[in-house]
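FYI, the numbering for the sequence shown is 675 to 766, going by the numbering used here. Here's the structure, in structure tokens; my notes come after.
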Amino acid sequence: VIYHGADHRNRYCLGGLLLSLNEPSKVLARSKDPLMVPEADYEKVGFFGDVIFTNGHVVDGDTITIYYGASDEVICKATASIQAILDSLELY
675 VIYHGADHRN
685 RYCLGGLLLS
695 LNEPSKVLAR
705 SKDPLMVPEA
715 DYEKVGFFGD
725 VIFTNGHVVD
735 GDTITIYYGA
745 SDEVICKATA
755 SIQAILDSLE
765 LY
């Protein structure tokens, strides 16, 4: 699961979760650090600055394309390796 949440600096960032297939309420692993943080100007400045939030994703092999909103003004996309995301998660 790719999700958004606020960090200690009140920035909305993206994180990752691995849930149990049979018990989806059970968290198996979670990203310790954000997978994505607001960095670009259009993510940092706008109606709500320092905000990125997920809108959905598409999986193609090991590549995930994440569609996300930024500053409540624009829609963006980013790509990442699914394996790299899984490798960054810590057991919960």
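Glycine is no exception: its CB is placed at the ideal position from the N, C-alpha and C atoms.
- Under the three-state reduction of DSSP output, Lys718 falls in the helix class.
- Contact between the stretch 717 to 736 and the stretch 700 to 707 is absent, with fewer than three C-beta pairs closer than 8 Å.
- Straight across, the Cα-Cα distance linking Leu688 with Glu697 is about 23 Å.
- DSSP, reduced to helix, strand and coil, places Ser699 outside both helices and strands of the structure shown, so it counts as coil.
- For Glu717, the number of other beta carbons within 10 angstroms of its own is at least 16, and it is reported as buried.
- In this structure, the beta-carbon distance from Val725 to Ala752 does not fall below 8 Å.
- With a 10 Å radius around the Cβ and a threshold of 16 neighbouring Cβ atoms, Ile749 comes out exposed.
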